[in-house]
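Counting in the numbering used here, the sequence shown runs from 78 upward without gaps. Virtual Cβ for every residue (Gly too), placed ideally from N, Cα, C. As structure tokens, the structure follows; a few thoughts come after it.
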Amino acid sequence: MAGPSKVEFPGQKKQRVRMRGTKHANEATANKLKRELASLLENPRAHLPVMTWKGKLSWGRTDPVTKTMKELENIIRKKDNLTWLGKRMMSKRGDPVAKAFAGSLHAAHDEDITMVGNFTSGSFGSASFIRRGDGKQGYLAGLQNYSNLTLRMLPWEDHAKRGMYFFTWKGGFVCTGPEPTPPDEWLDDVLGRSRFAFTKVGDLSQPVWVTEGIDAQSVLDFKPSGDGYLRFTLKHGPVLAIGFDELSKTTKKESSFIHHMALSMLPPFLPSILTIDANWAPAGWGEDTPLPDAAGEGMDKIIDAWQGLTMNEGVISLAIKRAVLDSIDSGLVVGDSWVAGDNLEDIENALQAHSGSNDERHLSAHMLFASMKEGSTDGEGLRITAKGDVSERKAAALEVMTGTSCGNILGALWEKWGMDGLAGLGISGIEAEEIWKKQLKKPKPFGTFLKGLDSARETAQKIARFPTRDSGVTGATGAVHDLILQGLLEGAGKAERTATQRHDSIDSAAAAWAWLLAANRSTGQEWHFEINARDRGGAWLGATKQLLDVGTKLFNCEQDDVDGIQSEWLEAFAALKTVTGEAN
């Protein structure tokens, strides 16, 4: 049924209809297409891949590329016959590449280019082209933009799916048949166009391309070189290596080297022509000592992710290093280095890159050394992070991560290995125990702690003079005892604040009042205590005063007088227990 008639009014502008996916060609686009199409019309064969494979498929079958090339030869012979080209480009039968080729040759005869199609592909790129005939847009774009090294391969994607390989570079375009053997010129060009600066070494058993800082012979032998590298071994012989330091310079905006290399061949499947290996081990790891199996598995996963374009190229080196470090199941991992952990000097040298004073580094080395002697007890290791946190790691090694300060190492290990660290400094016994306890309960920055270690040692020695310090006595006697020691060690002010806090029993309050009276710090504090507590505390004043006086004398006496005054302390302590009714 005919549609309704259209009514035109005087002065009405005619509407121009433009097909979807097309645009008006600007001067630059038109001139570029003219040059491309003129080159195609002048020498069509130069825009087609050269078949370098001379073999035959099984059962004597002709390969699909040769079949297509025969059809294209027929079209080339009639490249100036526009009528014939017009029929061929609209044919419902025949090769799809031949159809697009005929349409492109037909378009090459146009004198003016005003409207162009706009082709865009995430893999092959984008380009303008002239729509002509019934050929696929991508095939038309590829044939009309031969200077686009990646896009020129697109018309041959169906042939690639059938097992044929294509390689493109600035100086050529070849099909190697079912055998993926890229020409040497292809590799030279691909590496020359990459963002890495490769140097070719040709006087070895195989040609080797390396980035700066990597030794070519070491790459061939797969020995360590530089800060590690990725080695690409092509199946037909050549080898290339990219140093980790170069990889790490990659920004997110830069295209991946893997992507760049893969899009210079069709199908873009690099494992068909090469294998990739990573070579890196922490400093100090024996050159002839193999890495754990888990390291190889971890590196393979990272390389696979890189080839699959699911991992940013700039983090490849860090990811590989982390995979190796996470797999190490023995010794001590310090940043990017490894030591066996059985030598104190080696440990201290490994800590040189970690911030902290020499004293902190020395104490850290002693504590790490002590921890390495015990080793893992459950098959799992520990990791000390840059923030000083401690977490488990699957492999049974102790790891100090890069950026962890010596102070954070000491903080993480102090509870378990602090006594061993002090023993390494020549502090042991009761003296060491008191210093360790004090730092554990009220930690100071370890730089400050070590600077005041002499003072701490002196205090610890004085604390050790009191034979009842660890007796575990409780009740009123214990409360008086603890206030006396707190007043001697931390000052009467802190002890007073403790004494005037809320108490959970009359005896506890009475003991606090007795100490306040004995220390002459009771003035104005009466309101903290009930009358019953003050009365009871007043009854204990004599024994409390005696114990405080003996304690002060014991704390300040010369070392030669300690034994005699300790006896006085025990007698006064027993007298207090009797007065408070807590004697056995």
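- Distance from the CA of A430 to the CA of V410, rounded to the nearest whole angstrom, comes to 13 Å.
- The C-alpha of N195 is placed about 7 Å away from the C-alpha of S203.
- Annotation for R399: the continuous alpha helix (DSSP H) segment containing it runs 393 to 404.
- According to DSSP, C252 shares a beta bridge with M128, F243.
- Boundaries of the alpha helix (DSSP H) harbouring I512: 506 to 518, taken from the DSSP string.
- Residue pairing by DSSP places S205 opposite N195 in a beta bridge.
- Judged by their CB atoms, K176 and L118 are not nearer to each other than the 8 Å cut-off.
- The stretch 599 to 614 and the stretch 634 to 653 do not touch, with fewer than 3 CB-CB distances between them shorter than 8 Å.
- Of the candidates V251, L311, S414, Y242, the residue whose Cα lies closest to the Cα of D304 is S414.
- Under DSSP, M342 takes part in a beta bridge, and its partners are F244.
- By the C-beta criterion, the stretch 474 to 491 is judged to be in contact with the stretch 395 to 411, since at least 3 inter-stretch pairs fall below 8 Å.
- The Cβ-Cβ distance between G484 and F523 falls below 8 Å.
- Annotation for E262: W246, G248, G249 place their beta carbon closer than 7 Å to its own, counting only its chain and skipping 5 residues before and after.
- For G408, same chain residues with a beta-carbon under 7 Å away, outside a window of 5 residues either side, are W415, V416, A417, G418, A474 in chain order.
- For A586, same chain residues with a beta-carbon under 6 Å away, outside a window of 5 residues either side, are H580, F606, A610 in chain order.
- The residue from L527, G488, L490 with its alpha-carbon nearest to that of N435 is L527.
- Below 8 Å, too few C-beta pairs join the stretch 288 to 304 and the stretch 264 to 272 to call them touching: fewer than three.
- A distance below 6 Å between beta-carbons, with the five flanking residues on each side excluded, links G488 to the following residues of its chain, in chain order: G465.
- With three or more CB-CB distances shorter than 8 Å, the stretch 586 to 603 counts as touching the stretch 613 to 628.
- Non-local C-beta neighbours of R239 in its own chain, meaning closer than 8 Å and more than five positions away in sequence, comprise P141, ordered along the chain.
- Per the coordinates, the alpha-carbon of N420 lies some 47 Å from the alpha-carbon of M338.
- Per DSSP, reduced to three states, the secondary structure at H186 is coil, with no helix or strand assignment.
- Within the model, the alpha-carbon separation for D266 versus I152 is close to 31 Å.
- The bridge partners DSSP lists for I353 are F309.
- Taking all protein chains in view, the Cβ of S441 is crowded by 16 or more other Cβ atoms within 10 Å, so the residue is classified as buried.
- Counting the other Cβ atoms within 10 Å of the Cβ of V127 gives fewer than 16, which makes it exposed.
- Under the DSSP assignment, K213 falls outside any alpha helix (DSSP H); it carries neither an H nor an E label.
- For E476, the secondary structure class from DSSP, reduced to helix, strand or coil, is strand.
- Beta-bridge pairing by DSSP links E469 to L459.
- The residue among L220, G210, A553, S135 with its C-alpha nearest the C-alpha of L110 is L220.
- When only Cα atoms are considered, W646 and T545 end up about 9 Å apart.
- For I380, the uninterrupted alpha helix (DSSP H) run begins and ends at 370 to 384, by DSSP.
- The criterion of a C-beta distance shorter than 8 Å is not satisfied by A107 and I207.
- By the neighbour-count definition (other C-beta atoms within 10 Å, threshold 16), P121 is a buried residue.
- For the pair A595 and L631, the CB atoms are not nearer than the 8 Å cut-off.
- In the three-state reduction of the DSSP assignment, V285 falls in the strand class, which pools E and B.
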